[in-house]
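In my numbering, the protein residues as written are 358 to 702. Think of the CB as a built atom: it goes at the ideal place given N, C-alpha and C, for glycine as much as any other residue. A quick note: this is a predicted structure, and the numbers were derived from the prediction, not measured.
#1: Where does residue 450 sit, in a helix, a strand or coil, going by DSSP?
#2: How would you write the range of the alpha helix (DSSP H) that residue 705 sits in, first residue to last?
#3: Would you mind sorting residue 383 into buried or exposed? The rule is 16 or more other CB atoms within 10 Å of its CB.
#4: Run through DSSP, which three-state label would residue 694 get?
#5: Compare the Cα-Cα distances from residue 670 to each of 662, 401 and 414 and report the closest residue.
#6: Given residue 677, which residues of its chain have a CB within under 8 Å of its CB, disregarding the five upstream and five downstream residues?
#7: Give the range of the beta strand (DSSP E) segment to which residue 422 is assigned.
#8: Check the DSSP bridge columns for residue 457 and list the partner residues they point to.
#9: For the beta strand (DSSP E) containing residue 492, name the first residue and the last one.
#10: Mind checking residue 407: buried by the 16 CB within 10 Å criterion, or exposed?
#11: On a CA-only basis, which of 465, 472, 391 and 479 is nearest residue 324? Give me that one, please.
#12: Alpha carbon to alpha carbon, how far is residue 537 from residue 563?
#13: What would DSSP say about residue 636, mapped onto helix, strand or coil?
#14: By how many angstroms is the C-alpha of residue 381 removed from the C-alpha of residue 645?
#15: Return helix, strand or coil for residue 549, following the three-state DSSP convention.
#16: Three-state secondary structure (DSSP) at residue 588?
#17: Going by DSSP, what residue range makes up the alpha helix (DSSP H) through residue 416?
#18: To which residues of the same chain is residue 695 closer than 8 Å at the C-beta, ignoring the five residues directly before and after it?
#19: Under the three-state reduction of DSSP, which class applies to residue 627: helix, strand or coil?
#20: So is residue 659 in contact with chain B if we call contact Cβ pairs under 7 Å?
#21: If distances are taken between C-alpha atoms only, which option among 579, 543, 666 and 549 comes closest to residue 497?
#22: Starting from residue 380, trace the alpha helix (DSSP H) in both directions and tell me its first and last residue.
#23: Leaving out five residues on either side along the sequence, give the residues of the same chain with a beta carbon under 7 Å from the beta carbon of residue 572.
#24: Per the contact definition of three or more C-beta pairs closer than 8 Å, is the region 505–514 in contact with the region 437–449?
#25: Just grab the DSSP bridge partners of residue 540 for me.
#26: If you compare alpha carbons, which of 596, 529, 612 and 661 is closest to residue 403?
#27: Helix or strand or just coil, what does DSSP make of residue 660?
#28: Just curious, the alpha helix (DSSP H) that residue 526 is in, first and last residue?
#29: Would you tell me roughly how many angstroms separate the C-alpha atoms of residue 445 and residue 378, rounded to the nearest one?
#30: Let me know the secondary structure DSSP gives residue 682 once reduced to three states.
#31: How far does the beta strand (DSSP E) with residue 621 in it reach, from first residue to last?
#32: Can you grab the Cα-Cα spacing for the pair residue 681 / residue 559, in whole Å?
#33: I'd like the list of long-range same chain contacts for residue 698, defined as Cβ closer than 7 Å, with 5 residues on each side in sequence excluded.
#34: Quick check: what's the CA-CA separation for residue 520 versus residue 443?
#35: Going along the chain, which residues of its own chain have a beta-carbon closer than 6 Å to the beta-carbon of residue 659, five neighbours each way excluded?
#36: Nearest-angstrom Cα distance between residue 785 and residue 499?
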């Protein structure tokens, strides 16, 4: 049995001019239909808090020396990601055992050495040239003479989520449910250095940007911020409606069907003083008119401190948040039509 996701064409009754804005939004919402939810849920549930825990502890260990881009610790971290994909049988679009897109030293400022983006993918079965990019940065702040900045939340949590989702999508593909579109897992270097890895990728894309249907970017999804002490089951959604009304409603529908998190849009506002929309790697994709979602759980007292350590991650909540991203990605990758861009960035 194959998985079918119905993406009903937005057939307008009469002319667009006869429909109110509210009616148009309702048509888009009604066009988003998840089917075979039991199958989707089955693979989403292979994402476990125990395996997320293992990845976060490994990735934020002292061995990786804070993962500063261009330094030996970050190269070790990149190798950890690469070896995981090899072990799981998830290939690279760059060729056998070649998972690195090297960002050259000349592209960095401040004498940073060359550093790799790590790329793996699962090829689409029907629309292989169309790609969904799931991204998260692998670098952090490094270390000083006295302390290591382990970066468990920033961004060990996002890296762990990506590895678990890749494993789940690979299992689905191996069992007869491959994605219709290709899914790319892009672990970016240099986010902490002016979003350099994503800026390099969008200037030197492995897959043509015109065939990149969306970017789901994950950066710090493992903690509970002060605003949600009484309700840890939340996630900040940033950018989902900036370029595509449809992507926004896909995210909401995935949440309604599978996770029932509080989707907090308060940091998506143009008036947000922190301007988070422009502060992680999704922004470079949005600048290329590619619809994006930035998943974020907020800052905390350990942000960019040596105290951002793995025992402080809420692993059951990290699991649910990862499941939301997985089910959203499943829909995008399996819809019979591309996401429509209908907004200005």
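According to the structure shown:
#1: Coil, per DSSP.
#2: Nothing about residue 705 can be reported from this structure: the residues present for the chain run from 358 to 702 only.
#3: exposed
#4: coil
#5: Comparing Cα positions, the closest option is 414.
#6: 590, 616 and 618
#7: Per DSSP, residue 422 belongs to no beta strand (DSSP E) and is neither H nor E.
#8: 475
#9: 484–494
#10: exposed
#11: The structure shown does not extend to residue 324, since the chain is modelled only from 358 to 702, so the question has no answer here.
#12: 19 Å
#13: coil
#14: A straight line joining the alpha-carbon of residue 645 with that of residue 381 spans about 26 Å.
#15: The DSSP-derived three-state label of residue 549 is coil.
#16: coil
#17: 406–416
#18: Result list for residue 695: 487 and 570, in chain order.
#19: coil
#20: Note that chain B does not occur in the displayed structure, where there is just one protein chain.
#21: It is 549 whose Cα lies nearest to the Cα of residue 497.
#22: 378–388
#23: 490, 492, 639, 642, 647 and 649
#24: No: fewer than three Cβ pairs fall under 8 Å.
#25: In the DSSP output, where bridge partners are listed per residue, residue 540 has 479 and 489.
#26: Comparing Cα-Cα distances from residue 403 to each of 596, 529, 612 and 661, the minimum goes to 529.
#27: coil
#28: For residue 526, the uninterrupted alpha helix (DSSP H) run begins and ends at 515–531, by DSSP.
#29: 46 Å
#30: helix
#31: 619–621
#32: 26 Å
#33: 600, 601, 646 and 648
#34: 12 Å
#35: 665
#36: The structure shown does not extend to residue 785, since the chain spans only 358 to 702, so no value can be given for it.
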